[in-house]
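Undergrad:
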Amino acid sequence: MKTARSEALFERAQSIIPGGVNSPVRAFRGVGGAPRFIVRGEGSRVYDADGNEYIDYVCSWGPLLLGHRPPQVIAALREILEEGTSFGAPTEREVLLAELISQTVPSMEMVRLVNSGTEATMSALRLARGFTGRDLTIKFEGCYHGHVDSLLVKAGSGMATLGIADAAGVPPAFAETTIALPFNSIAAVEAAFKTHGDKIASVIVEPVVGNMGCVPPSPGFLEALRDLTARHGTLLIFDEVMTGFRLALGGAQARFGIKPDLTTLGKIIGGGLPIAAYGGRKDIMRKVAPLGAVYQAGTLSGNPLAVAAGLATLCHLTAHPEIYDLLETRSAQLALLKTMTPPGVTINRAGSMFTLFFSSDPVTDWESAKRCDTARFAKFFHFLLERGIYIAPSQFEAGFVSAAHSEKDISATVDAAREFFKAGG
Ligand code: HOZ
Numbered sequence: 003m004k005t006a007r008s009e010a011l012f013e014r015a016q017s018i019i020p021g022g023v024n025s026p027v028r029a030f031r032g033v034g035g036a037p038r039f040i041v042r043g044e045g046s047r048v049y050d051a052d053g054n055e056y057i058d059y060v061c062s063w064g065p066l067l068l069g070h071r072p073p074q075v076i077a078a079l080r081e082i083l084e085e086g087t088s089f090g091a092p093t094e095r096e097v098l099l100a101e102l103i104s105q106t107v108p109s110m111e112m113v114r115l116v117n118s119g120t121e122a123t124m125s126a127l128r129l130a131r132g133f134t135g136r137d138l139t140i141k142f143e144g145c146y147h148g149h150v151d152s153l154l155v156k157a158g159s160g161m162a163t164l165g166i167a168d169a170a171g172v173p174p175a176f177a178e179t180t181i182a183l184p185f186n187s188i189a190a191v192e193a194a195f196k197t198h199g200d201k202i203a204s205v206i207v208e209p210v211v212g213n214m215g216c217v218p219p220s221p222g223f224l225e226a227l228r229d230l231t232a233r234h235g236t237l238l239i240f241d242e243v244m245t246g247f248r249l250a251l252g253g254a255q256a257r258f259g260i261k262p263d264l265t266t267l268g269k270i271i272g273g274g275l276p277i278a279a280y281g282g283r284k285d286i287m288r289k290v291a292p293l294g295a296v297y298q299a300g301t302l303s304g305n306p307l308a309v310a311a312g313l314a315t316l317c318h319l320t321a322h323p324e325i326y327d328l329l330e331t332r333s334a335q336l337a338l339l340k341t342m343t344p345p346g347v348t349i350n351r352a353g354s355m356f357t358l359f360f361s362s363d364p365v366t367d368w369e370s371a372k373r374c375d376t377a378r379f380a381k382f383f384h385f386l387l388e389r390g391i392y393i394a395p396s397q398f399e400a401g402f403v404s405a406a407h408s409e410k411d412i413s414a415t416v417d418a419a420r421e422f423f424k425a426g427g
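If you count the sequence shown from 1, you need to add 2 to reach the working numbering.
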C-alpha cells in the first residue's frame with residue numbers, strides 16, 4: 003500500500019499543527035506511523051491522498067450513522083446554501099430540530115443547541131451546579147465527556163491512549179470538584195453518596211461507554227444511578243453524544259428504559275456537521291439564560307448548515323426506524339468474530355458500537371480495559387489497515403457500523419481479522 007503522500011502531508015502538518023492533527027485521537031500515537039490523510043468519503047468507504055480505499059469503522063468518530071455523503075444530507079446542504087450560512091438569529095429549522103429531538107428523546111423537554119459535545123457537557127454540568135446550588139460531580143474512570151476542565155480526570159479516549167492521567171492546565175480546584183469512580187461499581191457510588199451526598203450536583207455517565215473501547219453497563223448499574231441520584235437530589239446526566247440516535251432512535255435511555263434529568267447529544271444529530279445539544283426537565287432548563295442565571299451562549303449555535311444536516315438525518319431515521327434492525331444485523335455479523343477468536347481476545351458490543359479487546363478477561367471498567375495488550379492491538383490495527391480496513395488507532399475507542407456497511411463489507415472485515423489470528427497475531 004502506497005503512503006508517500008500521507009507521510010509527506012503529515013511531515014508538513016507537524017511543523018504547523020501540534021502533533022500534525024486537529025484532535026489528538028487522529029494522530030496514530032497509540033499504534034505508530036503517519037495517519038492517513040483522507041480526501042473523500044462515500045457510503046461505507048473513505049479514500050486517502052495516495053488513492054487507497056478503506057472500509058471505514060471510524061465514521062468520523064460516530065456521527066456518520068448513515069455513512070458518508072448520504073443523499074438526504076447532501077440535498078439539504080445544497081438547499082440551505084442558497085439561503086445563507088449563518089445569521090446569529092433564530093431560524094425555523096432550529097425549532098424543528100429541537101422539537102424533533104424532544105419528541106424522540108422525551109426526557110429532553112427543552113433543548114438548547116450548541117456546537118460540540120464538549121460544549122454540551124460543560125453546559126449541562128454548569129446547569130446542574132446552578133440548579134442544585136452544589137459543586138461536586140461524579141464521573142466514571144475511562145469515560146470521556148469532551149475536554150471540559152473538570153472532566154479531564156481519569157478520562158478515556160485520547161487521554162487514555164496517550165497515558166495522560168490528569169491533564170496539565172487544569173487548576174487543582176477544578177479537578178477537586180470531580181469524584182471519579184469505577185464504571186459499573188454500584189458500591190463505589192453508594193459510598194460516595196454516603197460521604198458527599200448533599201454536595202453532589204450531578205452524576206454524569208456515558209450509559210454505554212465508548213471512550214475506553216465499548217463497555218456496556220452491567221445489569222442494574224444505570225438503574226442504581228437513577229435511584230441514588232433521585233434520593234439525594236442530585237441530577238443524573240446521560241452523556242449520549244455517542245449513543246444518542248445510535249443505540250436506538252431514543253438513544254441509550256430508550257434502550258435501557260431510564261429517564262435522566264439532563265441529556266447531552268452530539269455527533270449523529272449533526273449528520274456530519276458540528277452541532278450538539280443539551281436538554282432535559284423543563285424546571286431545570288428554565289434556569290438557562292435568558293430565562294435564568296445559568297449563562298451559556300454561542301455565536302454559531304444553531305448554525306443553519308449544521309441544523310439542516312441534522313434535521314435531514316433525524317427525519318430520515320424517524321421515517322425509517324427499520325435502519326436500527328439493519329444496524330443490529332450487520333453488527334451481530336461482525337460480532338460473530340467472537341466465535342472465531344483465539345484466547346486473549348474479548349469482543350464487546352452494544353448495537354452498532356463495538357470493540358475487540360486484546361484481553362482474555364471481560365472488559366467491564368477502566369481497570370480491566372487498561373490491562374489489554376495494546377502492542378498486540380497495534381499489530382492488529384496495521385494488519386487491517388494494510389488490507390483496507392480502517393478502525394480507530396487505539397484500543398480505547400469504539401468502532402461504529404453504519405447503515406451504509408454492506409454484508410460484503412462486514413464479511414471482508416471478519417475474514418481479514420481471522421487471517422490475522424490464523425497467522426498467529
Ligand atoms: N469521542 C471521540 C473520541 N472518542 C471524540 C473524537 C475526538 O476526540 O476527536
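Glycine residues also receive a C-beta, built at the ideal position from the N, C-alpha and C atoms.
If the criterion is Cβ atoms closer than 7 Å, does the pair residue 65 and residue 284 meet it?
TA: Here residue 65 refers to the residue found at position 63 of the sequence shown. Here residue 284 refers to the residue found at position 282 of the sequence shown. Not a contact, by the Cβ cut-off of 7 Å.
Undergrad: Leaving aside the five residues before and after residue 358 along the sequence, list all residues of the same chain whose C-beta is less than 6 Å from its C-beta, in chain order.
TA: Stepping through the sequence shown from its first residue, residue 358 is reached at position 356. Excluding sequence neighbours, residue 358 sits near 349.
Undergrad: With H, G and I counted as helix, E and B as strand and the rest as coil, what does DSSP make of residue 147?
TA: Along the sequence shown, read from residue 1 onward, the residue named residue 147 stands at position 145. The answer is coil: DSSP assigns residue 147 none of H, G, I, E or B.
Undergrad: Under 8 Å by Cβ, that's how I've got residue 68 and residue 405 pegged, so tell me the actual separation to the nearest angstrom.
TA: Residue numbering aside, residue 68 sits at position 66 when the sequence shown is read from its first letter. Residue numbering aside, residue 405 sits at position 403 when the sequence shown is read from its first letter. Yes, they are in contact, since the Cβ atoms of residue 68 and residue 405 sit about 5 Å apart, within 8 Å.
Undergrad: By Cβ distance, which residues of its chain are closer than 7 Å to residue 52, with the 5 residues on each side in sequence left out?
TA: Position 50 of the sequence shown, counted from the start, is the residue given in the question as residue 52. 4, 5, 6, 7, 8, listed in sequence order.
Undergrad: Distance, Cα to Cα, residue 147 vs residue 292?
TA: Your numbering for residue 147 matches position 145 in the sequence shown. Your numbering for residue 292 matches position 290 in the sequence shown. Residue 147 and residue 292: Cα-Cα distance of roughly 25 Å.
Undergrad: Can you give me the Cβ contacts of residue 386 inside the same chain, cut-off strictly under 8 Å, excluding the 5 residues immediately before and after it?
TA: Translated into positions along the sequence shown, residue 386 becomes position 384. Around residue 386: 392, 393, 415, 418, 419, 422.
Undergrad: Where does the unbroken alpha helix (DSSP H) through residue 231 begin, and where does it stop?
TA: Here residue 231 refers to the residue found at position 229 when the sequence shown is read from its first residue. Run containing residue 231: 223 to 234, per the alpha helix (DSSP H) assignment.
Undergrad: Is there contact here, the segment 315 to 326 with the segment 256 to 276, by at least three beta-carbon pairs under 8 Å?
TA: These segments touch.
Undergrad: Taking 7 Å as the cut-off, decide whether the C-beta atoms of residue 214 and residue 162 are in contact.
TA: By 1-based counting over the sequence shown, the position of residue 214 is 212. By 1-based counting over the sequence shown, the position of residue 162 is 160. Yes; because the gap between Cβ atoms is below 7 Å, this pair is in contact.
Undergrad: Measuring straight from C-alpha to C-alpha, what distance separates residue 236 and residue 47?
TA: Translated into positions along the sequence shown, residue 236 becomes position 234. Translated into positions along the sequence shown, residue 47 becomes position 45. Spanning the two alpha carbons is a distance of roughly 44 Å.
Undergrad: So, is residue 105 buried or exposed, given that buried needs 16 or more other C-beta atoms within 10 angstroms?
TA: On the sequence shown, residue 105 is found 103 positions in, with the first residue counted as 1. With fewer than 16 other Cβ atoms within 10 Å, it is exposed.
Undergrad: Should residue 136 and residue 203 be called a contact, given that it needs their Cβ atoms to be closer than 7 Å?
TA: The residue labelled residue 136 in the question sits at position 134 within the sequence shown. The residue labelled residue 203 in the question sits at position 201 within the sequence shown. For residue 136 and residue 203, yes; Cβs fall inside 7 Å.
Undergrad: Report yes if the C-beta of residue 399 is less than 6 Å from at least one heavy atom of ligand 1; otherwise report no.
TA: Translated into positions along the sequence shown, residue 399 becomes position 397. Yes - ligand 1 has a heavy atom lying nearer than 6 Å to the Cβ of residue 399.
Undergrad: Looking at the unbroken alpha helix (DSSP H) that takes in residue 44, where does it start and where does it end?
TA: Here residue 44 refers to the residue found at position 42 when the sequence shown is read from its first residue. Segment 40 to 44 is the beta strand (DSSP E) holding residue 44; no alpha helix (DSSP H) there.
Undergrad: Quick one, which of 413, 45, 107, 219 has its alpha-carbon nearest residue 186's?
TA: In the sequence shown, residue 186 corresponds to position 184, counting from 1. The shortest Cα separation from residue 186 among 413, 45, 107, 219 belongs to 219.
Undergrad: Closer than 8 Å by C-beta to residue 250: which residues in its own chain qualify, once you throw out the five before and the five after it? Chain order, please.
TA: Here residue 250 refers to the residue found at position 248 when the sequence shown is read from its first residue. The answer, listed in chain order, is 256, 257, 326, 353.
Undergrad: Helix, strand or coil, according to DSSP, for residue 385 in the structure here?
TA: Here residue 385 is taken as the residue at index 383 of the sequence shown, counted from 1. Residue state, collapsed to three classes: helix.
Undergrad: Considering only the beta carbon of each residue, do residue 180 and residue 152 sit closer than 7 Å?
TA: Translated into positions along the sequence shown, residue 180 becomes position 178. Translated into positions along the sequence shown, residue 152 becomes position 150. Taking 7 Å as the Cβ cut-off, residue 180 and residue 152 qualify as a contacting pair.
Undergrad: Roughly how many angstroms lie between the CA atoms of residue 14 and residue 230, to the nearest whole one?
TA: Within the sequence shown, numbered from 1, the residue matching residue 14 stands at position 12. Within the sequence shown, numbered from 1, the residue matching residue 230 stands at position 228. Going by the C-alpha atoms only, they are around 52 Å apart.
Undergrad: In this structure, how does DSSP classify residue 278 when only helix, strand and coil are distinguished?
TA: As a position in the sequence shown, residue 278 is number 276, starting the count at 1. Looking at residue 278 - three-state DSSP - the assignment turns out to be strand.
Undergrad: Tell me whether residue 206 sits in a helix, a strand or coil according to DSSP, three-state version.
TA: One-based indexing of the sequence shown puts residue 206 at position 204. DSSP places residue 206 in strand when its eight states are reduced to three.
Undergrad: Measuring CB to CB, does residue 144 end up less than 7 Å from residue 158?
TA: Within the sequence shown, the letter at position 142 stands for residue 144. Within the sequence shown, the letter at position 156 stands for residue 158. Contact: yes.
Undergrad: Is the CB-CB distance between residue 242 and residue 267 below 7 Å?
TA: Along the sequence shown, one-based indexing puts residue 242 at 240. Along the sequence shown, one-based indexing puts residue 267 at 265. The answer is yes: Cβ separation under 7 Å.
Undergrad: For the alpha helix (DSSP H) holding residue 349, just list the boundary residues, first then last.
TA: Sequence index remark: in the sequence shown, residue 349 carries index 347 (1-based). Taken as a continuous stretch (DSSP letters only), residue 349 belongs to no alpha helix (DSSP H), being part of the beta strand (DSSP E) at 348 to 352.
Undergrad: Please state whether DSSP places residue 398 in a helix, a strand or coil.
TA: Counting from 1 along the sequence shown, the entry for residue 398 is found at position 396. Note: residue 398 maps to coil in three-state DSSP.
Undergrad: What residue does the alpha helix (DSSP H) around residue 100 start on, and which one ends it?
TA: In the sequence shown, counting from the first residue as 1, residue 100 sits at position 98. Where residue 100 is concerned, the enclosing alpha helix (DSSP H) stretches over 94 to 106.
Undergrad: For the alpha helix (DSSP H) containing residue 176, list its first residue and its last residue.
TA: Stepping through the sequence shown from its first residue, residue 176 is reached at position 174. Per DSSP, residue 176 belongs to the alpha helix (DSSP H) from 174 to 177.
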